[in-house]
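Visitor: The structure under discussion is supplied below as structure tokens; questions concerning it will follow.
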Amino acid sequence: MIKCPVHGYGGDLEWHSDQEGLVLAAQNAGSLVMVLTGLYADRINGKFMVLISLILCTIGNFALPLLAQNSFWYAVGARISIGVADACMTPAINSLITRWFPQSERAAAVGIITGGRQIGTLFILPTAGYLCTRKDINGGWPTIFFLSGIISGLVVFFWIPMGADKPSKQYCISNRERLFIESKIACESIGKRTQKRHVPWRNLLGSVPLWVGVFSLICHEYPLVILLQFLPNYMRDVLEFTPTKNGMFSALPMIFLFSSKMLSASFSSWLAVHTDYDSTTICKAFNGIASFGLSASIFLVPFFDKEHAGCAIVCLCFAMAFAGLHTPGVQTALLQLAPPFSGIITGISFFIVAWFSICNKILTKWIVQNGTQEEWGIVIVSNPKQALEVGQP
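For the sequence shown, the UniProt record's numbering begins at 1 and goes up steadily by one.
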């Protein structure tokens, strides 16, 4: 994609490092719309919001390779479209979870559903590494975006008949299961989306647990941006992996993240049902372990160069494994604060997180001008402190 004539990397876009940072940050700029979509996520049909998200994602993925050659700003616009898609998807999914899962099962639900991101990443990273070497297939890198657009477009055709805003609208569910879910969530007064309800803004904005959760989410997402967005760049510049090898090894930490999320979220739900621990204690325990482990693992990464690439990969895998424990931690905690207003809470939380992610990406590309180990060391070492602060009471 970007010109990089080393280790077999091609690319035909004449972009500076700062411009590349803006393109990456554009997705988070689109996510800022979440402060608005979150307000209506509890009122608008969740199935409809997810459908809009999938359509925007399809458009953005097809538009980027088609228009990026003409102007750098077209690529920014395409990335903003994908960010808006995420702004529709995230609060809608969280709102759907509160309508489909009892409180004791929500941690597991969050882990399984958000794990879809890692499944997609596990597929696209090695595939992208291979396609980058195949210039005979639409020039190589554009095929990655076309493939992503085709997949999200296909999901639309499954989502329209199969998706449902709540159990009573899903034709595949049994009557017994529907009654069980509805009886379990009845005490939370979630109500119908069409019912106009008073939003307790003063109580929400003055809630200490909410702002502690937002702060924890920022400290969780900040280092994760480096691990998720810039991992292939780090492996290219410092570990000097070829495109195919980069794609394979970039996917390895994602396997640890996915497995950790699945196991920890399920274990959290088991603890909620079979032990006397309350949900607050469980969330704090998982979040504390995640934060300290993530911080320690990231801190060790810059000490390894290309001669010790295996050690760097191991540390990155451990970092992702610990990061997965945040799912039954802060992510579940925010969902449990006020289930009837989960969409609003999600919108507020991720709106603030998006600003920090924008700054993180732009700052990273400003620091990493030449791709040296020293530059990447500055970027990576700045992240353990952020992760560590999440674990502090």
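Using N, Cα and C, we set each Cβ at its ideal position, and we do this for glycine too.
Taking contact to mean at least 3 C-beta pairs separated by less than 8 Å, is the region 81-94 in contact with the region 53-62?
Guide: yes
Visitor: Of the choices Lys365, Asp42, Asn175, whose alpha-carbon is the least far from that of Pro339?
Guide: Asp42
Visitor: Within 10 Å of its beta-carbon, does Val199 have 16 or more other beta-carbons around it, so buried, or fewer, so exposed?
Guide: exposed
Visitor: Short of 6 Å in beta carbon distance, which residues of its chain neighbour Leu67, apart from the five on each side in sequence? Order them along the chain.
Guide: Tyr74
Visitor: With a Cβ-Cβ cutoff of 8 Å, do Cys317 and Phe256 count as a contact?
Guide: yes
Visitor: Please name the residue in Met34, Leu36, Ser174, Ser250 whose C-alpha comes closest to that of Gln118.
Guide: The residue from Met34, Leu36, Ser174, Ser250 with its alpha-carbon nearest to that of Gln118 is Ser250.
Visitor: Under 8 Å, do Ile80 and Gly30 count as touching if we go by C-beta distance?
Guide: yes
Visitor: Given Glu375, which residues of its chain have a CB within under 6 Å of its CB, disregarding the five upstream and five downstream residues?
Guide: Ile367, Val368
Visitor: Taking C-alpha atoms, which residue in Leu325, Glu105, Ala296 lies nearest to Val314?
Guide: Ala296
Visitor: Kindly indicate which residue of Thr90, Leu252, Thr281, Asn70 has the alpha-carbon position closest to the one of Ser53.
Guide: Thr90
Visitor: Have a look at Gly116 and Leu224 and give me their C-alpha separation to the nearest angstrom.
Guide: About 16 Å.
Visitor: Quick check on DSSP: helix, strand or coil for Pro102?
Guide: coil
Visitor: Exposed or buried, what is Trp141 when buried is set at 16 or more other beta-carbons lying within 10 Å of its beta-carbon?
Guide: buried
Visitor: Hey, quick one: how far does the alpha helix (DSSP H) through Gly247 stretch, first residue to last?
Guide: 243-274
Visitor: Return the first residue and the last residue of the alpha helix (DSSP H) that Leu51 is part of.
Guide: Leu51 -> alpha helix (DSSP H) spans 46-67.
Visitor: Are the CB atoms of Gly247 and Pro65 nearer to each other than 8 Å?
Guide: In this structure, Pro65 does not lie closer than 8 Å to Gly247 by Cβ.
Visitor: Tell me whether Cys219 is buried or exposed, calling it buried when 16 or more other Cβ atoms sit within 10 Å of its Cβ.
Guide: buried
Visitor: I'd like to check one pair, Leu32 with Ser213: are the Cβ atoms closer than 8 Å?
Guide: As written in the sequence, residue 213 is Gly, which differs from the Ser given in the question. No, these two residues do not count as a Cβ contact at 8 Å.
Visitor: On the three-state DSSP scale, how would you describe Trp15?
Guide: coil
Visitor: Where does Pro253 land, buried or exposed, given buried means 16+ other C-beta within 10 angstroms?
Guide: buried
Visitor: Which same chain residues end up closer than 8 Å to Glu221 when comparing Cβ atoms and leaving out the 5 residues on each side of it in sequence?
Guide: Once the five neighbours on either side are set aside, the close Cβ partners of Glu221 are Val353, Phe356, Ser357.
Visitor: By alpha-carbon positions, which one of Gly371, Ile144, Asp165 ends up nearest to Leu131?
Guide: Ile144
Visitor: For my contact list, Val50 and Trp159 are in at a C-beta cut-off of 8 Å; report their separation, rounded to the angstrom.
Guide: 6 Å
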